[in-house]
Amino acid sequence: MTAVPEGVGANEPSCGESRAPRPRRRRTVCLVLLVLAVLGGALLGARVTENWPFEPRRYCWGAWQEGSGPDALGDDYRRVSKRESAPPERGRQATCVLALVDPGSDSTDAADMPADGGKTPPLEYKRVVAHVGPPPRAAGERRSAWLAAFLHGSAAPLPEGLPGVVGRDRGMFVLPRECDSGGLPTVATVRPAGEDDELGSEPEVAGLLMSLVRTAREKAGCAQGKPSRITAPVRASGPEGQSGMGREEGDAGLCRIPGMRFAAVPEGRYGAHVGAVDGRLQTCSVEGRTDKHGDLVSSGQFVMTSRPRLAALFAGMRGRDGLVEGECGGRRTVFFLQLDDRLEKKATPDSRRVFARTVDSVAERLDCQNVRPRA
Amino acid sequence: MSARESDDGPRKGAAGMPEESEATGPNATGRNATGRDATGAEVTGAEAPGVEPPGVGAAGPGAPGRLRRMVRGRRGTAVVGVLVGALLGTGLMAWRSGELPFVQRDVCWSSLSPDVAGALFTNTDVRSTELPLRRATEDPMHTECSIQAFGADELESEVTASVRTLGELKGAQAWNWTREYLSSRMTPLGGGTPGMASSTRAWAALPASCQERSYEPGEKPPLRVVSLASDKADPDFQNDVDARRGLDAMSRAVVRLADGVMERYGCEGRYADPPKLPRPPEGQAAKDLDADRLCGLPGVRLPEWARDDDTTAVRTTPGTSSAGPTPGGIRSCDVGRPIGLQRLRLTTVADPELARVVSSALGDHAEPLGGDGEGAHAGGLSVYSAKCQTGQVTFVAYEKDAEEGTGGKTGAAARDHRSLGLAVLPSYVKSEAKRIGCGEVDVKVPRLPS
C-alpha cells in the first residue's frame, strides 16, 4: 500500500477530483490533511500571538486569568503584575497590585523595562490594588482610618444581605467567620491607584471583588459553606443612585440624621455621602476639609449595622467614645461615630451629646431597646 | 451488482452523484434495468428527464424507481438540495424571529415562559402582541405587551405588561399610577426586590445600574419600572381562590418580566422569584377600624364628625406593621366600608425616587401646605414631602369622594364640607415621620370650617 500523499500526487491532478479506485478514501484523506493543516496553522498562530490556549497567565493568586476574568479588567489592555505577596492566609496581610497597560507597549512582568531602551514607559490605563487581611488590629487611629476608607458612604451595600460594599472607586467584603483570626475578620478590598481614581461601574467592581473573594477564601482556608456569589442586581452607590455624588447638606442634620447637628457649622461647609439607609446598615461619610492637594478629606463617619460580619469590623474597640451597642429588631446592633478634631470642636455641647442624639434618631426608626455604651 | 455496471460510463466527475459511482450499495436495490447515465439521457423508453411520471405513487414496478430516479438525477438532486436549503433557511429565520408556528414561545420580549404567562389566566389559549422594547427609552412614556386569553376564539381576558419611565411622569399621570399601583391591596415582593403585587396589579423597579444605554457618573438615569395590569386595580371583591391564584401568578410574572428586560439590556443580576406573599383580606373579612388608632398608628385619630357607617373597616399593606421600617418603603392604608374601602386612603412613600414622582402629582394650581416640609392640596388629594434619613419621603391623604372638592354638595353645604384628608394629614405625617426617622415634622393645614 503506497503512502497516501504519494498516491494522490501520482494519480490525480488535485484532491477535488477522484478517479477510479476508492476515490472516497482519497477524499477522506484529503479532508484529514486539510483539517490537520488548519490546526497546525492555528497552533502556530496562537504561539506567535501569545494566545496559547493551554496555559493562560494568572494573577493575584489565581483570581484573575489572562484573556478572561472580571469586566472591570476588560479585554483591551494587557495585564501586568506589579506586585504579588504570598497568598492570603488567616491573620496575615496579602497584597496584589495589577496594572492594565496599553497593549502596544512592550512591558514585561515585574521587569518593567520599556522595550525601546527606556525612552517611553508603558502606558498604564488602570492599576488595581487588591488586599486581603484583617483590618488594623489596634483600635486607635489606624482602625478608624481604615473604617473611614472602606465603609465609606460613597459605596453601596451589596445585595442579598452580603457583608460588603461597592462604589466606583472601592470595594470591601468581609470573609466568613472561618477565616477570622485573633478576634478580627479577614477582609478583601479593592482600590484603584495611580492616575485613574475609578475602578469601574458598581456592578463591575462587585464582579472584581467577588472573584478576589472566592480565591481568597480558597487560599485562606474558609472556602467551605455557601459560595460567595452575587445573583441579584448590584445597586449603584448613593441611596438615590448617584454614583459617589450623593452629597447631602443638612439643616436637618448632617447625613440627613436629625440629631447629628453641629451648631457652629456654616451651612454648606460640610457635605455628606450617604451610603446605605436600611434596616440592617446605615453609613455616612462627612467631608469638608481639603488637604494640601485640594482634595476633599474625610472629616467624620457614622455607621450603624446589625449585620454580624460587618459588626465584627468594630471588634476590639471597646471602651472607645463614639461606639455603642443595642438590640434593634431583635439583633445586636452597633452604632459608631468618629469626627476629626475640627468637627469635634464644632460639636455642641460636645461630641458625646451629638453622638447620643444621632443614635437616638437612628434608633427611633429601627425599633431598638437597650442601647448603651459598651462596658 | 451487474445492473449498475452499465452506468459507469464516461463521466465528468460531477460531485452531485456519488451514488451512481457505487458499484454496490442500497441504491442499487429495487432498480430495474432502466437507468440514467451522467448526462441524463434516456436509457429507457418514453420518459423525458425532469418530468414527473403520472401517478408517481401508482402501483407498478417502475413507479418508485422513477421517483427515485428523478430525485437522484443530477438535476433532481439539485432541486432537492434547493428545496431543503430553502426550508432550512426559512425555518431558521422563523425560529430566530420567534415566529415559528405551533411552537410555544416566551412572550413579552422573551421574558415570560408559556407556563408563567399561562398562569395569569384560566383559559389555555394565550396569545400576545408587543411593541418594541426600545420604546421605553425612546418614548418617555412606555412600551406595552398585551397578553390575551381566548376561549372558543373569543377574547376572555387580558393582561397588559408595560415598561415605563416612571421617573419622568408628572401631574395626573403620576397620580394615576400612584393610585393604581400603590393601593393597600399591593403586597411588597420582599427579598430585596423593589416592587409590589396584588391579584390584579404588579410592578417591579429596574435597578438604576441597568439601563439600555450607559450613563456617565453624575448623570442620573430616570426610574424605570415594569408593570402588569388586569381588570380593575381595586376590585370590590374577589373570591379567595382567584385572589390567591392571581397574586401568585402576578408576583412571579412581574419578577420574570423585570429579569427578561434586564437580560435584553445585557445587565448582570436577576431578581429571584418571590416567595408566597401574604394577601389582604377580601370583602367582609376586612379588619375593623380602630378610630383612635387609625391604620394602627399611635396618635392618629379619626375625627368625631367622620365616624359614621361609611367608615368602619380598614386595610393596610399586607406584610407590614405600624412599627419599624417597611421593606420596600411603601405603606398604604384604605379606610371605608368593608366592600369598597373608598372613604380615605393614607400612603407613605419612603423610597426616594418614587417619593419624588408622587410629590409631583399636584400641579401649580394646588393650594400649598406649610410646615416643616413641603406640600399642597387640591380636590380630595393632599401630598406632603419631608427630608428623612432615607431621603425624600412623601405622604399622601386621598379622599376619593371629595374629588370634586365639595363631596358633591353645593352652596353653603359645599363651603362647610370638611376635608377628612386635611383633617388627618398632620397627625398621620407626624406619626409616620417618627417611625421613619425624619424627626419632628409639623404640617400646617388651612383652618377648617367647624
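Sequence lines, in order, name chains A and B. Numbering-wise (our numbering), the first sequence opens with residue 40 and increments by one. Numbering-wise (our numbering), the second sequence opens with residue -8 and increments by one. C-beta atoms are modelled at their ideal positions from N, C-alpha and C, and glycine is treated no differently.
Closest Cα partner of residue i within the set the options
i	options	result
glycine 318 of chain A	B:Glu423, B:Pro316, B:Met253	B:Pro316
isoleucine 269 of chain A	A:Gly260, A:Cys261, A:Gly355, A:Leu247	A:Leu247
alanine 187 of chain A	A:Ser324, A:Gly355, A:Pro297	A:Ser324
leucine 190 of chain A	A:Glu199, A:Phe212, A:Arg176	A:Phe212
proline 185 of chain B	B:Leu280, B:Pro343, B:Asp283	B:Pro343
arginine 209 of chain A	A:Thr329, A:Thr254, A:Leu238	A:Leu238
alanine 341 of chain B	B:Gly320, B:Ala152, B:Phe141	B:Gly320
serine 193 of chain A	A:Thr329, A:Gln321, A:Val171	A:Gln321
leucine 122 of chain B	B:Arg243, B:Ser422, B:Cys136, B:Pro179	B:Cys136
alanine 188 of chain B	B:Asp231, B:Gly182, B:Leu214, B:Ser218	B:Ser218
proline 198 of chain A	A:Arg346, A:Gln377, A:Gln408	A:Arg346
glycine 430 of chain B	A:Arg396, A:Arg411, A:Val410, A:Cys218	A:Arg396
proline 266 of chain B	B:Arg284, B:Gly287, B:Ala244, B:Tyr256	B:Ala244
threonine 381 of chain B	A:Arg348, A:Leu362, A:Gly314	A:Gly314
Run of the beta strand (DSSP E) containing residue i, from where it starts to where it stops
i	result
leucine 360 of chain B	358 to 362
tryptophan 194 of chain B	192 to 196
glycine 186 of chain B	186 to 188
leucine 376 of chain A	370 to 378
glutamate 366 of chain A	362 to 367
Coil, strand or helix - residue i by DSSP
i	result
tryptophan 166 of chain B	helix
alanine 24 of chain B	Residue confidence is low: alanine 24 of chain B scores 43 on pLDDT, short of 50, so the model does not pin down where it sits. No coordinate-derived value is stated.
isoleucine 427 of chain B	helix
methionine 356 of chain A	coil
leucine 137 of chain A	strand
leucine 219 of chain B	strand
proline 202 of chain A	coil
glutamine 281 of chain A	Reliability fails at glutamine 281 of chain A, whose pLDDT of 29 lies under 50, so the model's placement of it is uncertain and the value that follows must be treated cautiously. Three-state DSSP puts glutamine 281 of chain A in coil, outside helix and strand.
aspartate 279 of chain B	strand
aspartate 399 of chain A	helix
lysine 435 of chain B	strand
valine 336 of chain A	strand
arginine 409 of chain B	coil
tyrosine 309 of chain A	coil
serine 323 of chain B	strand
leucine 103 of chain B	strand
Listed by chain order, chain A residues near residue i by CB distance under 8 Å
i	result
isoleucine 427 of chain B	Arg404
alanine 263 of chain B	Thr270, Ala271
Span separating the alpha-carbon of residue i from that of residue j
i	j	result
valine 226 of chain A	leucine 214 of chain A	6 Å
serine 390 of chain A	leucine 293 of chain A	14 Å
glycine 113 of chain A	arginine 97 of chain A	15 Å
alanine 163 of chain B	alanine 352 of chain B	6 Å
alanine 424 of chain B	alanine 276 of chain B	30 Å
valine 415 of chain B	glutamate 259 of chain B	45 Å
tyrosine 206 of chain B	serine 240 of chain A	10 Å
serine 376 of chain B	valine 436 of chain B	14 Å
methionine 177 of chain B	alanine 111 of chain A	39 Å
threonine 35 of chain B	arginine 65 of chain B	Residue placement at threonine 35 of chain B cannot be trusted, given a pLDDT of 45 that sits under 50; the coordinates are not used to answer.
alanine 351 of chain A	phenylalanine 375 of chain A	13 Å
glycine 298 of chain A	aspartate 231 of chain B	47 Å
proline 126 of chain A	glutamate 257 of chain A	10 Å
proline 294 of chain B	leucine 411 of chain B	8 Å
aspartate 141 of chain A	arginine 411 of chain A	55 Å
Neighbour list for residue i in chain A, Cβ cutoff strictly below 7 Å
i	result
serine 200 of chain B	Ser240, Glu241, Pro242, Pro272, Val273, Arg274, Ala275
glutamine 164 of chain B	Chain A residues near glutamine 164 of chain B: none, gap ~22 Å exceeds 7 Å.
proline 266 of chain B	None at all; the shortest Cβ gap to chain A is about 14 Å.
Proximal chain B residues relative to residue i, where beta-carbon distance stays under 7 Å
i	result
serine 193 of chain A	Near serine 193 of chain A there are no residues of chain B at all, since even the closest Cβ is about 11 Å away, more than 7 Å.
Chain-ordered chain B contacts of residue i [CB-CB under 8 Å]
i	result
valine 68 of chain A	Under the 8 Å cutoff, chain B gives no residues; its nearest Cβ is about 16 Å from valine 68 of chain A.
proline 266 of chain A	Within chain B, no residue comes near proline 266 of chain A; the closest Cβ sits about 16 Å away, beyond 8 Å.
serine 400 of chain A	Gln380, Gly428, Gly430
Chain-ordered neighbours of residue i on chain D, where CB pairs are closer than 8 Å
i	result
proline 198 of chain A	No chain D appears in the structure shown, which is made up of the protein chains A and B.
Boundaries (first-last residue) of the alpha helix (DSSP H) holding residue i
i	result
glutamate 112 of chain B	At residue 112 of chain B the sequence reads phenylalanine, which differs from the glutamate that was named. Note, phenylalanine 112 of chain B: premise wrong, no alpha helix (DSSP H); not H, not E.
serine 153 of chain B	Looking at the DSSP string, serine 153 of chain B is not in any alpha helix (DSSP H); the run it does join, the beta strand (DSSP E), is 145 to 155.
phenylalanine 141 of chain B	Unbroken run through phenylalanine 141 of chain B is the beta strand (DSSP E), 133 to 142; no alpha helix (DSSP H).
glutamate 21 of chain A	What the structure shows of chain A is the stretch from 40 to 414, and residue 21 of chain A is not part of that stretch, so it cannot be assessed.
serine 376 of chain B	Serine 376 of chain B -> not in any alpha helix (DSSP H); beta strand (DSSP E) instead, spanning 372 to 379.
methionine 241 of chain B	231 to 255
Near the ligand SAM: residue i beta-carbon under 6 Å from a heavy atom
i	result
arginine 129 of chain A	Among the components of this structure there are no ligands whatsoever, and the ligand SAM is therefore not found.
Chain B contact residues for residue i, given Cβ-Cβ distances below 9 Å
i	result
proline 297 of chain A	Cys379, Gln380, Gly428, Cys429, Gly430, Glu431
Interface residues of chain A facing residue i [CB-CB closer than 9 Å]
i	result
alanine 314 of chain B	Asp406
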